[in-house]
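Heads up: the sequence shown is residues 435 to 568, going by this note's numbering.
Notes for the one structure printed next.
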Amino acid sequence: MRELAAAGVPVSVETTQATVAEAAVAAGAVLVNDVSGGSADPAMARVVAAARVPWVLNHSRGTSRDMYAAAGYDDVVREVSEELVTRADGAVRAGARPDRPILDPGPGFAKRGSSTGCSTPTSTDSSAWGFPLP
């Protein structure tokens, strides 16, 4: 990772662990992609905020072992939107710049069948979020 970053290659890290994110950023990672949306490691928000790098917050419920048990939605777009904005607000409260959380609706994460495609909001739906989309 260090050699790639030193050569000018933009490097990102996909992890749910703050210690891994911290080490990767120290080695030159310019973006952290957290498929847990910050829920797996409470220290992640502090680490990413201190590093001042963009943080992709993926929507999911539960862990990889139980996410589909929590895959029931009354209104998938509304619920995913609300949960993502809550996570992004938490990142900003932890010190992340408001333009740093990038919201990923997480198609396939804690979604079943037709709700996977429906979880991705339209540009109109997401404009109220106030955070970038990937």
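Ideal Cβ placement from N, Cα and C applies to all residues, glycine included.
If you're wondering where the values come from, they're calculated on a predicted model, not measured in any experiment.
query	result
Simplified DSSP assignment, three categories, for S494	coil
V466 vs A455 beta-carbon contact at 8 Å	yes
Continuous alpha helix (DSSP H) assignments of at least 4 residues falling wholly in the region 449-497	452-460, 478-485
Bridge partner(s) assigned by DSSP for V447	V466
Segment limits, beta strand (DSSP E) that includes D523	Taken as a continuous stretch (DSSP letters only), D523 belongs to no beta strand (DSSP E), being part of the alpha helix (DSSP H) at 510-527.
Best match in V514, A441, A458 for proximity to G471 [C-alpha to C-alpha]	V514
Minimum C-alpha distance to R652 - residue among V511, L518, D538, A458	Beyond the ends of the chain as shown, which are 435 and 568, falls residue 652; an answer cannot be given.
8 Å contact criterion, which A479 and A525 should meet: CB distance rounded	5 Å
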